[in-house]
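Using this note's numbering, the letters of the sequence shown correspond one by one to residues 1000 to 1052.
All residues carry an ideal CB built from backbone N, CA and C; glycine is no exception.
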Amino acid sequence: MNKLLVKRNDVVKPGTPIGYISPGSKIELTMYEFETPVDPIKFLSCKGVLKGF
């Protein structure tokens, strides 16, 4: 990410930008609900981008 807009342990709501990424770059999201890992793909609404999943 070129510029982050959130910090560790910030609570983000749907539609909240988390940062800027260069075109063609990849990011890895790790999400937790308390201490349980959660699959971030089920929270994303950009299904066209996720064709490979």
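- Cβ contact annotation for residue 1039 (same chain, cutoff 7 Å, sequence separation greater than five): 1028, 1030, in chain order.
- DSSP, read as helix, strand or coil, puts residue 1039 in helix.
- Where residue 1000 is concerned, there is no enclosing beta strand (DSSP E), because DSSP gives it neither an H nor an E.
- Residue 1027: not part of any beta strand (DSSP E); DSSP gives it neither H nor E.
- Under the criterion of beta carbons closer than 8 Å, residue 1016 and residue 1004 qualify as touching, at roughly 5 Å.
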